[in-house]
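Engineer:
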Amino acid sequence: MTKLTTQESEYWTLRLPYFENNKTWSLVDFLQWSIVFVNDFGKKESEHRTYKICLERLAESPELLKSHNNKSARELALRCLESYENEKKSSGIGNFWKTKSSVMKTLKRASTLNSLNLINRMLDLHSDYNDALTNTTRENIEPALRQKRTKNKAEFDTDSSNTILDDDNEENFEEPEMEELTSPHKRKRVDSSEERICSPDNQEQSSELPQLEVDLLDIIQAPKIEVLKEFETKSRLEKYNIFCLFDVEFHYTNQLFAKLSTDQMNTIKSKWTMAEESINKNEIEECWNACLLKKLVGDYHEVIKGNVNEDTFYTDLDSLMTGFTKQQFDKYEHQKNYELFWCQDFYTRLTLQLLRKHSALLDSSTSEYQYRDEIINPLLASIFFDVENALWFKTGEIENKTRKRQRNFLKQEKEREKLGDKHDGILYMNIQGTPVEIGFLEVVGNAFNTIISDKNDDLEKILKAMMISLWYQYAHQSEENIPENTKLQSYAILVFGREFHFLSMHFIDDMYIVDEFDAFIIPVSGVDFSQIGNIVEIVKKFKIRLIKYYRQLIQMQRKVTRLPRPGLPKASPYQV
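In our numbering, the protein residues as written are -11 to 564.
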């Protein structure tokens, strides 16, 4: 028999009720019982050893169990000892220890809620007792006070002035007494909002306590998507059911590829690709071919070819500036000519960047704000200046209203209002009079930034923003109002150094799948200026895609009050 330490002797004695109250025994049931009913639940090796010690003691002394006869208790203990080694290697035991931390957190919250509920109940009982005591005391004291008033009136009836004075004294005497007796006790409620357990499926405000009698697997807050169960990351993106296929350097994407098989990832990728195919790319291409921008880009391409020496790669920037600044129209018409003005401005801006010494593209000491002001905002936000009645791009430090709405979903009555995340830019659409956040911009430092962790932080932020945007889009639409060939979507643009990544997210089979649909790099030399035409084409096609999506949205009836819809997780803390 195993020799026990004092602590082990105490451990197995505390766990004896499990064997007393159960007709059959197993290691996994023993662990699930212990984690709920024993305060000193320990590590894996310790708990397994305690289970074995209990079996050995019961095999030797079955009379310890009053609910079992000695023979059956000994036989059961011996059978469990024989299967012990195989059982502790089983998948059920492995799954239990993987989810132990989640169970412990849930039990801790449940314990706190139980305690707070008991405190509130005691306060209610105490208040009810005080109310009863007050009523009883009032019933007993009022006759005595009336008798005192009668006696005083009889004694001083001959002197009216004294009577009036005594009446005043009587009032001054009586009121504090009664006020002290009748003043209600303040019920100090304990606010358990911070500890309230919120299901990601319904997000209802409820102070009902979780029932500890249910199976432990029912109170583990497992993600809804099967392939994400038991998958936990610091970013909590798995709680949002997000599948990010973009950028394998991103820690969450890297972990997804490590956890899921190649076939699973290919299946998810194909779902996103099929959703993208529902967007008529041919129609977008036709719009690009028909617009005046394409001709201007072709003209500028010839200007670049004529001013870059193919042998020495020398670029005559002055001549380029002269060619780019030629007037493109005699009379300006905003709806017709604005995009030509925007394109011309971008070509001249990039040329001026190379002519200057402390420009955002040549000086590594410049700030992110200068980079945004000189390159990013004129390229991405300014192109929408001619369609701002329908869609527009706000830049700066813009608060995410849907993220704020999510964070305040469970806000208590006296709790301070929470803020939404701040983005470097947000793309809005005017949907039947309501500004809806459709796209998000994050710029990771200046044009020279190469810090991967900074990029990962901003990517995590925009992924959550995209998911919440898409969730609310669906929450304000009836399923029958969404045509079969229409896929609701949200967008993001991530700028890392000189790289611009365009992302789209689709909701498919309860998964929020996101990947890159376009990208480009800002050139920093005259030799690469031929790529500016590709940049203009990508941004213009992005605008065409958004206009087509806008037309689809305004044809669907948007519900003013959002419909009940599961899947919105509890918000993480505010990020700058």
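Here a beta-carbon is modelled for each residue, glycine too, at the ideal position from N, C-alpha and C.
From a predicted model like this one, the values you see are computed outputs, not experimental measurements.
Taking the straight line between their C-alpha atoms, what separation do you get for residue 439 and residue 433?
Structural biologist: Each residue's alpha carbon lies about 9 Å from the other.
Engineer: Tell me whether the beta-carbon of residue 431 lies closer than 7 Å to the beta-carbon of residue 483.
Structural biologist: Yes, they are a contact pair.
Engineer: Roughly how many whole angstroms lie between the Cα atoms of residue 180 and residue 243?
Structural biologist: Annotation note: pLDDT 37 at residue 180 (below 50); position unreliable, coordinate value reported separately. Rounded to the nearest angstrom, the two C-alpha atoms are 35 Å apart.
Engineer: Alpha carbon to alpha carbon, how far is residue 392 from residue 312?
Structural biologist: Their Cα atoms are separated by approximately 44 Å.
Engineer: So the candidates are 236, 369, 245 and 54; which of them puts its Cα closest to the Cα of residue 216?
Structural biologist: Answer by Cα proximity: 245.
Engineer: Which same chain residues, not among the five before or five after residue 59, have their C-beta less than 8 Å away from its C-beta?
Structural biologist: If we look at residue 59 and ignore the five residues flanking it on each side, its Cβ neighbours are 50.
Engineer: To the nearest angstrom, how far is the alpha carbon of residue 412 from that of residue 290?
Structural biologist: In a straight line, the C-alpha of residue 412 is about 35 Å away from that of residue 290.
Engineer: Out of 365, 415, 363 and 396, which one is the CA nearest neighbour of residue 381?
Structural biologist: Residue 415 is the option with its Cα nearest to residue 381.
Engineer: Grab me the residues of residue 448's own chain with a C-beta within less than 6 Å of its C-beta, minus the 5 sequence neighbours each way, in chain order.
Structural biologist: These residues qualify, in order along the chain: 223.
Engineer: Can you tell me which residues form a DSSP beta bridge with residue 416?
Structural biologist: Beta-bridge pairing links residue 416 to 380 and 425.
Engineer: Expressed to the nearest angstrom, what Euclidean distance is found between the alpha-carbon atoms of residue 30 and residue 254?
Structural biologist: Residue 30 and residue 254: Cα-Cα distance of roughly 41 Å.
Engineer: Return the CA-CA distance between residue 565 and residue 521, expressed in angstroms with no decimal places.
Structural biologist: Residue 565 is absent from the structure shown; the chain starts at -11 and stops at 564.
Engineer: Got a sec? Which residues, its chain only, sit under 8 Å from residue 54 by beta carbon, not counting five neighbours each side?
Structural biologist: Answer for residue 54: 8, listed in chain order.
Engineer: Secondary structure at residue 303, three-state DSSP: helix, strand or coil?
Structural biologist: Three-state DSSP puts residue 303 in a strand.
Engineer: Tell me, which residues are paired with residue 531 by DSSP?
Structural biologist: DSSP lists no partner for residue 531.
Engineer: Within 10 Å of its beta-carbon, does residue 322 have 16 or more other beta-carbons around it, so buried, or fewer, so exposed?
Structural biologist: Exposed, since its Cβ has fewer than 16 Cβ neighbours within 10 Å.
Engineer: Roughly how many whole angstroms lie between the Cα atoms of residue 275 and residue 532?
Structural biologist: Straight-line Cα distance between these residues: approximately 8 Å.
Engineer: Express the C-alpha separation of residue 263 and residue 218 in angstroms, rounding to a whole number.
Structural biologist: Approximately 28 Å between the Cα atoms of the pair.
Engineer: Look at the alpha carbon of residue 61 and the alpha carbon of residue 83, and state the distance between them as a whole number of angstroms.
Structural biologist: The alpha-carbon atoms of residue 61 and residue 83 are separated by roughly 28 Å.
Engineer: Within the region 332 to 372, note down every full alpha helix (DSSP H) run reaching 4 residues or more, in order along the chain.
Structural biologist: Listed in chain order, the complete alpha helix (DSSP H) runs (minimum 4 residues) inside the region 332 to 372 are 356 to 359 and 365 to 368.
Engineer: I'd like to know whether the C-beta atoms of residue 500 and residue 74 end up nearer to each other than 7 Å.
Structural biologist: Contact: no.
Engineer: Once DSSP output is grouped into helix, strand and coil, what is the label at residue 215?
Structural biologist: Correct three-state label for residue 215: helix.
Engineer: From residue 486 to residue 79, what does the alpha carbon distance come to, in whole angstroms?
Structural biologist: When rounded, the distance between both Cα atoms is 48 Å.
Engineer: Does the pairing of the region 365 to 385 with the region 535 to 550 give three or more beta-carbon distances under 8 Å?
Structural biologist: Yes, the region 365 to 385 is in contact with the region 535 to 550.
Engineer: Can you look up residue 466 in the DSSP assignment and give me helix, strand or coil?
Structural biologist: Reduced to three states, the DSSP call for residue 466 is coil.
Engineer: Between residue 548 and residue 464, what straight-line distance do the alpha-carbon atoms span, to the nearest angstrom?
Structural biologist: Roughly 7 Å between the two C-alpha positions.
Engineer: Using a Cβ-Cβ cut-off of 7 Å (strictly less than) and excluding sequence neighbours within five positions of residue 451, which residues of its own chain qualify?
Structural biologist: 225, 230, 232 and 502.
Engineer: Check for me: the beta strand (DSSP E) holding residue 279 runs from which residue to which?
Structural biologist: Taken as a continuous stretch (DSSP letters only), residue 279 belongs to no beta strand (DSSP E), as it is neither H nor E.
Engineer: Of the choices 287, 366, 299 and 303, whose alpha-carbon is the least far from that of residue 326?
Structural biologist: Cα-wise, what sits closest to residue 326 is 366.
Engineer: For residue 232, list the residues DSSP reports as bridge partners.
Structural biologist: Note: residue 232 sits in a beta bridge opposite 502.
Engineer: Determine the burial state of residue 175: buried for a count of at least 16 other Cβ atoms within 10 Å of its Cβ, exposed for fewer.
Structural biologist: Note that residue 175 scores 39 on pLDDT, short of 50, meaning its location in the model is unreliable; the coordinates nonetheless yield the value given after this. Counting Cβ neighbours within 10 Å, residue 175 comes out exposed, since fewer than 16 surround it.
Engineer: Could you have a look at residue 198 and say whether DSSP puts it in helix, strand or coil?
Structural biologist: Only weak support exists for where residue 198 lies, its pLDDT of 39 falling under 50; the value from the coordinates is given anyway. Three-state result, residue 198: coil.
Engineer: When we look at the beta-carbon of residue 278 and count the other beta-carbons within 10 Å, is it buried (16 or more) or exposed?
Structural biologist: By the neighbour-count rule (16 or more Cβ atoms within 10 Å), residue 278 is not buried but exposed.
Engineer: According to DSSP, simplified to helix, strand and coil, what is residue 291?
Structural biologist: It is helical.
Engineer: Alpha carbon to alpha carbon, how far is residue 330 from residue 370?
Structural biologist: Spanning the two alpha carbons is a distance of roughly 7 Å.
Engineer: Which stretch, first to last residue, makes up the beta strand (DSSP E) that contains residue 490?
Structural biologist: It spans 487 to 496 - the beta strand (DSSP E) in which residue 490 sits, taken as one unbroken run.
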